[in-house]
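What follows is a short report on a single structure.
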Ligand SMILES: C[S@@+](CC[C@H](N)C(=O)[O-])C[C@H]1O[C@@H](n2cnc3c(N)ncnc32)[C@H](O)[C@@H]1O
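Structure follows, in structure tokens:
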């Protein structure tokens, strides 16, 4: 692998294919075509099984869970021989998938985009998209994903991230929440979240989304560790506004801050198509008008005092917010 890394002779290709959750209905047309055009398909045994009917007649290389770098090295070796290689991941290849390790291997070997091996990344629906779709609309406001796998990430790093997002009221999708050996990580995640969130915060646990053994459980932050969680589960933890109604977990986008949802009328002090009265411009004007000092305002808004002090030192800007309704996405 280390000899003549930049030889542009071959016209091989590595296709990083995201399979989506696992059902053919949710496999994109491009992902299907990429597998069809591949000479070689490389992947974790379980993922190969998900597309077994699409890989007949091809060279198939099955690797275990821990052999990501081997998968990438094999893919690069085949591509340098002129082959088209589909390197498959569940969900999206760029979300805790094969895209990262593949580029690490390629860069280590001196690969560049014009060195004779093409790389195409074919997106797929990640577990957070597919699991969210099965439980309602939990990700309609700011969210983030955290993997509880400490196989490659130190626990203090994971714990700091959990603590930060719990405090910042993100909806969170926990990937790799638990395995046969890693059972305490989810217990610690719950402990950190309970420092910032109510015990009755809604939680949904989706196992094997869109696969034959799919299982969906609604619970709360307090009780989530009593549920059936495993390697094929994604845990969705709501924010302080998330609710469950008629078996659907929903995180409101914030329309109630501006509109009466029943009548559609704009609330007093708010304007359709403009930032909220507590949006940046209105909030800045309020800071200046409050007469309070930076320390008091920092405590009130739970923001750093030096940030507030810098804002107070700047002149008040006129409210020239453009009409945002036209550009807003539904
Ligand atoms: C190594 S990560 C791979 C993530 C994948 N690349 C993605 O974008 O969804 C494996 C984790 O993804 C989540 N996951 C993948 N497929 C899933 C499915 N069908 N149902 C629920 N969770 C899934 C689980 O949290 C699992 O532990």
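Numbering (my numbering), first residue to last: 1485 to 1814.
Every residue gets a Cβ at the ideal spot worked out from N, C-alpha and C, and that includes glycine.
Problem set entry | residue 1638: CB within 6 Å of a non-hydrogen atom of ligand 1 | no
Exercise. Mind checking whether residue 1611 and residue 1575 have CB atoms under 7 Å apart?
Worked result: yes
For this session: With DSSP collapsed to three states, give me the class of residue 1654.
Result: coil
For this session: Take the Cβ of residue 1798 as the centre, count every other Cβ of all protein chains shown within 10 Å, and call the residue buried at 16 or more, exposed below.
Result: exposed
For this session: Using a threshold of 7 Å, state whether the C-beta atoms of residue 1563 and residue 1502 are closer than that.
Result: no
Problem set entry | the segment 1647-1657 contacting the segment 1717-1733, beta-carbon criterion three pairs below 8 Å | yes
For this session: Check each candidate in 1573, 1542 and 1752 and name the one with the smallest Cα separation from residue 1567.
Result: 1542
Exercise. Under 7 Å, do residue 1717 and residue 1700 count as touching if we go by C-beta distance?
Worked result: no
Exercise. Ordered along the chain, which non-local residues of its own chain (more than five positions away) have a Cβ less than 8 Å from that of residue 1556?
Worked result: 1571, 1582, 1585, 1586, 1588, 1589 and 1590
Problem set entry | Span of the beta strand (DSSP E) around residue 1585 | Where residue 1585 is concerned, there is no enclosing beta strand (DSSP E), although the alpha helix (DSSP H) it sits in stretches over 1583-1592.
Exercise. Using a threshold of 6 Å, is the CB atom of residue 1611 nearer than that to any non-hydrogen atom of ligand 1?
Worked result: yes
Exercise. With respect to 6 Å, is the separation between the Cβ of residue 1615 and the closest non-hydrogen atom of ligand 1 below this value?
Worked result: yes
Exercise. Out of 1695, 1692 and 1641, which has the shortest C-alpha to C-alpha gap to residue 1669?
Worked result: 1641
Exercise. Are the segment 1589-1606 and the segment 1524-1541 in contact at 8 Å, needing three or more beta carbon pairs?
Worked result: no
Problem set entry | 4-residue-minimum alpha helix (DSSP H) runs that sit fully inside the segment 1635-1694, ordered along the chain | 1639-1651 and 1669-1678
For this session: Please report how far the alpha carbon of residue 1638 lies from the alpha carbon of residue 1747, in whole angstroms.
Result: 51 Å
Problem set entry | Interface flag, residue 1710 vs chain D, CB-CB below 7 Å | Reference to chain D is not applicable here, since this structure consists of a single protein chain.
Exercise. Hey, is residue 1693 close to ligand 1, as in C-beta under 6 Å from one of its heavy atoms?
Worked result: yes
Exercise. Among the residues of its own chain, which have a CB less than 6 Å from the CB of residue 1580, if the five just before and after it don't count?
Worked result: 1631 and 1659
Exercise. Is residue 1505 near ligand 1, going by C-beta to nearest heavy atom under 6 Å?
Worked result: yes
Problem set entry | As assigned by DSSP and simplified to three states, the class of residue 1759 | coil
Exercise. Is residue 1499 near ligand 1, in the sense that its beta carbon is under 6 Å from a heavy atom of that ligand?
Worked result: no
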